[in-house]
Amino acid sequence: VFQSYALFPHMTVTQNVEYGLGFSGFGRKETAERARAGLELVGLSNFGDRLPSQLSGGQQQRVAVARALVLEPQVLLFDEPLSNLDAKLRRRVREEIREIQQKLGLTVVYVTHDQEEALAVSDRIIVMNNAVIAQDGTPRELYE
Numbered sequence: 164v165f166q167s168y169a170l171f172p173h174m175t176v177t178q179n180v181e182y183g184l185g186f187s188g189f190g191r192k193e194t195a196e197r198a199r200a201g202l203e204l205v206g207l208s209n210f211g212d213r214l215p216s217q218l219s220g221g222q223q224q225r226v227a228v229a230r231a232l233v234l235e236p237q238v239l240l241f242d243e244p245l246s247n248l249d250a251k252l253r254r255r256v257r258e259e260i261r262e263i264q265q266k267l268g269l270t271v272v273y274v275t276h277d278q279e280e281a282l283a284v285s286d287r288i289i290v291m292n293n294a295v296i297a298q299d300g301t302p303r304e305l306y307e
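Residue numbers for the sequence shown follow my numbering, so the first one is 164 and each next one is one higher.
See the structure below:
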């Protein structure tokens, strides 16, 4: 899930979530059901017919998360996912991401330059410096 969300502007929210499923061999019925479940998981059940331009930044972010989750990945990669959001929305969306991660038991790799964000969403943090691991530990270990 990238900072730009990579949503198709000409497709509805539902079509954006279904997009990857079409290449994964799922039938139409299962594709529709997975998309519905994905949108429900991120709290956007009633937004399926909207276009991305009709959504807030936080809602667009959640559509991108739903699109990734419907494929049932073993690992989910977030690359600066909140950098385009204001501070208040950033806090709320990162809490939602953390809640989804815990509910599904997913391994999440979360790239960020924001220390507060890293401490809030992580069980374990790896700090990189010039492509070398500089620190590795729990948020508490690194903060102390």
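Each residue gets a CB set at the ideal place from its N, CA and C atoms; glycine is no exception.
- Annotation: V205 is outside any alpha helix (DSSP H) and is labelled neither H nor E by DSSP.
- Y168 carries a coil assignment under DSSP once its states are collapsed to helix, strand and coil.
- The beta-carbon distance between R225 and G211, rounded to whole angstroms, is 12 Å. This is too long to meet the 8 Å contact definition.
- When DSSP states are grouped into helix, strand and coil, G188 belongs to the coil group.
- Scanning the segment 265-289 for uninterrupted beta strand (DSSP E) segments of 3 residues or longer gives 270-274, listed from N- to C-terminal end.
- Across the set V274, Y182, N293, V295, the C-alpha of Y182 shows the shortest separation from the C-alpha of A227.
- Non-local C-beta neighbours of L240 in its own chain, meaning closer than 6 Å and more than five positions away in sequence, comprise V272, ordered along the chain.
- Shown here, A297 sits in a strand according to DSSP, grouped into three states.
- Distance from the CA atom of I263 to the CA atom of N293, rounded to whole angstroms, is 31 Å.
- Within the same chain, Cβ atoms closer than 8 Å to the Cβ of I296 are found at I289, V290, the five residues on either side in sequence being excluded.
- In this structure the segment 230-239 does not lie against the segment 249-258, because fewer than three pairs of beta carbons, one per stretch, are closer than 8 Å.
- Counting only runs of 4 or more residues that sit fully inside the segment 219-266, the alpha helix (DSSP H) segments are 220-232, in chain order.
- Distance from the Cα of N247 is smallest, within the candidate group E259, Q265, K266, G220, for G220.
- The beta-carbon separation of V284 and R303, rounded to 14 Å, does not stay under the 8 Å limit for a contact.
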